[in-house]
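J.: Quick one: structure below, then a few questions.
Residue numbers (the working numbering), protein chains in the order written: chain A, 1 to 370; chain B, 371 to 756.
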């Protein structure tokens, strides 16, 4: 595969509030046993990409712990493999402000690599894309930059789309709108861009001399008249996570078999860190309905429409509905939870009742005892 | 020397396991799946790692393909080491010599060169077909304290079962004065667990001498141990307490699986001190559908459960459709149970398909559990015509 990957691990951290206060968006737990980065990283690996850099900014301890040497993704290699790229500081400037500055800090990595093409990707989009097909379409288009897009609806109920593109019949991008909130169906960017590696390096040098910071605003939007940018529409399913509500609904979407089939096996498997958990024990008297349960749980209570991560305990008499319960959380006897997100290592003590509502879930932060 | 190790382990994994029937038609016994996400060999390998033994030779012979692939470079157990680590030791041809492993002692004898590379003081000889958790360091400490030539881990068994085991007759200090293989009238209840530690220089001498005996079966229990005893060597029995089970038959394999569901059972997979590691395969979490009914069962990832599962172990990637009933059974990886099928007291082999309405296994008869039914790997069972 003649393409390398660069993953931005910190984009949109601030929009998810408490659950990303102490971790990168990339290491946010998702779907019972995954972290968000697993999906894009596995997609790259499944397409045969073996040279992947992960750009970090802050709070990336959990991400380092998750990725390790990349063995689970088969990226522990002599030639190429997985590279963690922490902020590269010089003088007063230590932490980058936008993707262009972040990439500028990794230019040595880009220069040393041999692949002809590079794929830039965020981690807030869950999907199963065949990147081999995307690079073929990029080459066919003759464009300098290709951006993968997806038709998405803007409801006008307070939501907006970060990057919306308007293109001609050949797919050439003519106009780019940012933070667009007019209701309608639009072609929205999903934060994935393909271009030649040498082209990106030249682009970074130029951007640096003009002090440009933001890849979407300063390149894709400002230069779309001069550069040949095409869109590559993606027809599969995506789950976009850019708010707490979207995080919740994206998890719940996995309770639908067709979504699971598409996300977990359309173009190869999704790999994640191994935890050596025992199989989940379903005790006598447990009642489960429509839920996704990871290994290592012990369940004696009732669980419905919920996602349970690895190592969760649900005691007798507890009732859990419409919840996301992250790893190693303990739910004591007779607890009732509805529309609640429990982060890692939370303990809900006996007889507590926490009721969120569909539009607003209660969040219990990491390690808290309620 | 850099490679010097105080103790190394030799794991005997070459047995055919013929009493497991169709479960071992294509794979060696230690590679048989157990407990939803494990293989039998995971227990011994994990015990080694948890006891600080980082050099393990695995002796394979019968149908080794899947076992070798499973062990791979040892990474799941942390045995991918630069110095030491796991080594697959298969029989090989030599000048003027037979090549197959003939007996347990012969298997070790043929790998003297492997052992010598690590210049060990002691060699731990293990079987790859037992389910137990043991910190071998306790055994090794006992071995050193007694300045023993050989120490054998023993477990107390009921007297009426003792004649099925190798029985140690010992003095009060644990020194063995007599060893009896499957005695008709056992005088002790200390049964050998198939876990030995030998002083290497002594073992090497006895293996070399044993190899010259034409009539010898080249077996530890039948030949090497009795020869050492008759020479007044220092042999000790170390008492182990805890869970231990030989899973050599379909009945005992089923029982050991069911023990995992018994809260009173001493075998706790979920304790962090002696964790059991296994090679993992990537599959999503288990999905439990609207119609599922679960009672006292263990299910691992990758499953889709819509049916009724009671007192059973469900391995990865199994699909149990609506209205299917699985009771007191063990489903190995990748099994599909179609709607309306009924499974009772059975072990269902890997990737087998039980078609709609088919009935597998026997029911209880007056509270007595029936014989265990085994369905081989990839078998397809259809409904019997009325």
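Backbone N, C-alpha and C fix where the C-beta goes; we use that ideal spot for every residue, glycine too.
How long is the line joining the alpha carbons of residue 679/B and residue 687/B, rounded to whole angstroms?
T.: For the purposes of this step, residue 679/B is taken as residue 309 along the second chain, with counting starting at 1. For the purposes of this step, residue 687/B is taken as residue 317 along the second chain, with counting starting at 1. Each residue's alpha carbon lies about 15 Å from the other.
J.: Relative to the C-alpha of residue 201/A, which residue among 66/A, 217/A, 115/A and 1/A is closest?
T.: Along the first chain, read from residue 1 onward, the residue named residue 201/A stands at position 201. Measuring from the Cα of residue 201/A, the nearest candidate turns out to be 115/A.
J.: Report yes or no: do the stretch 572-585 of chain B and the stretch 500-515 of chain B share at least 3 C-beta pairs separated by less than 8 Å?
T.: In short, these stretches do not touch, since the Cβ pair count stays below three.
J.: Where does the unbroken alpha helix (DSSP H) through residue 625/B begin, and where does it stop?
T.: Counting from one through the second chain, the residue named residue 625/B turns up at place 255. Segment 620-629, the alpha helix (DSSP H) holding residue 625/B.
J.: Taking a cut of 7 Å between CB atoms, which residues from the stretch 651-665 of chain B lie near chain A?
T.: For the stretch 651-665 of chain B, which is checked against every Cβ of chain A, the residues closer than 7 Å are 652, 654, 655, 656, 657, 658, 659, 660, 662, 664 and 665.
J.: Pick helix, strand or coil for residue 192/A, following the three-state DSSP scheme.
T.: Here residue 192/A is taken as the residue at index 192 of the first chain, counted from 1. Residue state, collapsed to three classes: strand.
J.: In the DSSP assignment, find the alpha helix (DSSP H) that holds residue 359/A and state where it starts and stops.
T.: By 1-based counting over the first chain, the position of residue 359/A is 359. Note, residue 359/A: premise wrong, no alpha helix (DSSP H); not H, not E.
J.: Would you mind reading off the limits of the alpha helix (DSSP H) that contains residue 198/A?
T.: Your numbering for residue 198/A matches position 198 in the first chain. Here the alpha helix (DSSP H) through residue 198/A covers 197-209.
J.: Just the C-alpha distance for residue 620/B and residue 147/A, rounded to the nearest angstrom, thanks.
T.: The count along the second chain starts at 1 and reaches residue 620/B at position 250. The count along the first chain starts at 1 and reaches residue 147/A at position 147. Distance between the alpha carbons of residue 620/B and residue 147/A is about 57 Å.
J.: Any Cβ of chain B within less than 8 Å of the Cβ of residue 267/A?
T.: Within the first chain, numbered from 1, the residue matching residue 267/A stands at position 267. So, not an interface residue.
J.: Please report whether the beta-carbon of residue 371/B lies at a distance below 8 Å from any beta-carbon of chain A.
T.: Here residue 371/B refers to the residue found at position 1 when the second chain is read from its first residue. Only weak support is given to the placement of residue 371/B: the predicted model assigns it a pLDDT of 49, under 50, and the value that follows is read from those uncertain coordinates. Answer no: the Cβ-Cβ gap between residue 371/B and chain A never drops below 8 Å.
J.: When the distance is taken between beta carbons, is residue 719/B closer than 8 Å to residue 677/B?
T.: On the second chain, residue 677/B is found 307 positions in, with the first residue counted as 1. On the second chain, residue 719/B is found 349 positions in, with the first residue counted as 1. No, the pair does not count as a contact, with Cβ atoms beyond the cut-off.
J.: Alpha carbon to alpha carbon, what distance is there between residue 47/A and residue 140/A?
T.: Position 140 of the first chain holds residue 140/A. Position 47 of the first chain holds residue 47/A. About 18 Å.
J.: Any beta carbon of chain B sitting closer than 8 Å to that of residue 293/A?
T.: Numbered from 1 along the first chain, position 293 holds the residue referred to as residue 293/A. Cβ-Cβ to chain B under 8 Å: yes for residue 293/A.
J.: Go through its chain and collect everything with a Cβ distance to residue 72/A's Cβ below 7 Å, but skip five positions before and after it.
T.: To locate residue 72/A, count along the first chain from 1; it is residue 72. The residues are 271, 272, 273 and 274.
J.: By the DSSP assignment, the alpha helix (DSSP H) with residue 728/B in it spans what residues?
T.: For the purposes of this step, residue 728/B is taken as the residue at position 358 of the second chain. Premise fails: residue 728/B is in no alpha helix (DSSP H) and is neither H nor E.
J.: Just to confirm, are residue 248/A and residue 324/A a CB contact at a threshold of 8 Å?
T.: Within the first chain, residue 248/A is the residue found at index 248, counting from 1. Within the first chain, residue 324/A is the residue found at index 324, counting from 1. Their beta carbons are under 8 Å apart, which means residue 248/A touches residue 324/A by this criterion.
J.: Counting C-beta neighbours from all protein chains within 10 Å, is the total for residue 640/B 16 or more, i.e. buried, or is it exposed?
T.: Reading the second chain from its first residue, position 270 is the one you call residue 640/B. Looking at its Cβ environment, which holds fewer than 16 other Cβ atoms inside 10 Å, residue 640/B is exposed.
J.: Can you list, in chain order, the residues of its chain whose CB lies under 7 Å from that of residue 371/B, leaving out five sequence neighbours each side?
T.: Counting from one through the second chain, the residue named residue 371/B turns up at place 1. The predicted position of residue 371/B is uncertain, since its pLDDT is 49 and thus under 50; a value taken from the coordinates is nonetheless stated next. Once the five neighbours on either side are set aside, the close Cβ partners of residue 371/B are 489.
J.: Which same chain residues, not among the five before or five after residue 183/A, have their C-beta less than 7 Å away from its C-beta?
T.: For this step, residue 183/A is matched to residue 183 along the first chain. Once the five neighbours on either side are set aside, the close Cβ partners of residue 183/A are 154, 155 and 156.
J.: Starting from the C-beta of residue 550/B, find all residues in its chain whose C-beta is less than 6 Å away, skip the five residues before and the five after it, and write them out in chain order.
T.: Taking the second chain and counting its residues from 1, one reaches residue 550/B at position 180. Cβ neighbours of residue 550/B beyond the five flanking positions: 537.
J.: Comparing the C-beta of residue 745/B with each C-beta of chain A, is any distance below 8 Å?
T.: Working through the second chain from its first residue, we reach residue 745/B at position 375. Not one chain A Cβ lies under 8 Å of residue 745/B.
J.: Considering only their Cβ atoms, is the gap separating residue 288/A from residue 278/A smaller than 8 Å?
T.: Position 278 of the first chain, counted from the start, is the residue given in the question as residue 278/A. Position 288 of the first chain, counted from the start, is the residue given in the question as residue 288/A. Their beta carbons are not under 8 Å apart, which means residue 278/A does not touch residue 288/A by this criterion.
J.: Look up residue 232/A in the DSSP assignment and say whether it is helix, strand or coil.
T.: Locating residue 232/A in the first chain gives position 232, counting from the first residue. Strand, per DSSP.
J.: Do you know how far the Cα of residue 101/A is from the Cα of residue 209/A?
T.: Working through the first chain from its first residue, we reach residue 209/A at position 209. Working through the first chain from its first residue, we reach residue 101/A at position 101. Distance between the alpha carbons of residue 209/A and residue 101/A is about 11 Å.
J.: If we count the other Cβ atoms within 10 Å of its Cβ and call it buried at 16 or more, is residue 360/A buried or exposed?
T.: One-based indexing of the first chain puts residue 360/A at position 360. Counting Cβ neighbours within 10 Å, residue 360/A comes out exposed, since fewer than 16 surround it.
J.: State the DSSP-derived secondary structure class of residue 576/B, mapped to helix, strand or coil.
T.: One-based indexing of the second chain puts residue 576/B at position 206. The answer is helix: DSSP assigns residue 576/B an H, G or I state.
J.: Helix, strand or coil for residue 166/A, going by three-state DSSP, please let me know.
T.: Indexing the first chain from 1 puts residue 166/A at position 166. Here residue 166/A sits in strand by DSSP.
J.: For the stretch 28-45 of chain A, list every residue whose C-beta sits within 8 Å of some C-beta in chain B, in sequence order.
T.: So the close ones are 31, 32 and 33.
J.: So residue 271/A contacts chain B; which residues on that side make the cut at Cβ distance below 7 Å?
T.: One-based indexing of the first chain puts residue 271/A at position 271. By Cβ distance, chain B contributes 652.
J.: Taking only runs of the alpha helix (DSSP H) that begin and end inside the stretch 421-504 of chain B, which ones reach a length of at least 4 residues, in chain order?
T.: The qualifying runs are 435-441, 474-479 and 482-486.
J.: Does residue 290/A get closer than 8 Å to chain C when you measure Cβ to Cβ?
T.: Absent from the structure is chain C; the protein chains it does hold are A and B.
J.: So who's on the other strand from residue 35/A, going by DSSP bridges?
T.: In the first chain, the residue the question calls residue 35/A occupies position 35. Beta-bridge pairing links residue 35/A to 29/A.
J.: On the DSSP bridge assignment, give the partners of residue 4/A in chain order.
T.: Against the first chain, residue 4/A aligns to sequence position 4. DSSP, once it has assigned bridges, lists 118/A as partnering residue 4/A.
J.: Specify, as a first and last residue, the run of the alpha helix (DSSP H) that residue 261/A falls within.
T.: Residue numbering aside, residue 261/A sits at position 261 when the first chain is read from its first letter. Run containing residue 261/A: 257-265, per the alpha helix (DSSP H) assignment.
J.: Within its chain, find whatever has a CB closer than 6 Å to the CB of residue 532/B; leave out the 5 residues flanking it on each side and keep chain order.
T.: If you number the second chain from 1, residue 532/B lands on position 162. These residues qualify, in order along the chain: 556 and 559.
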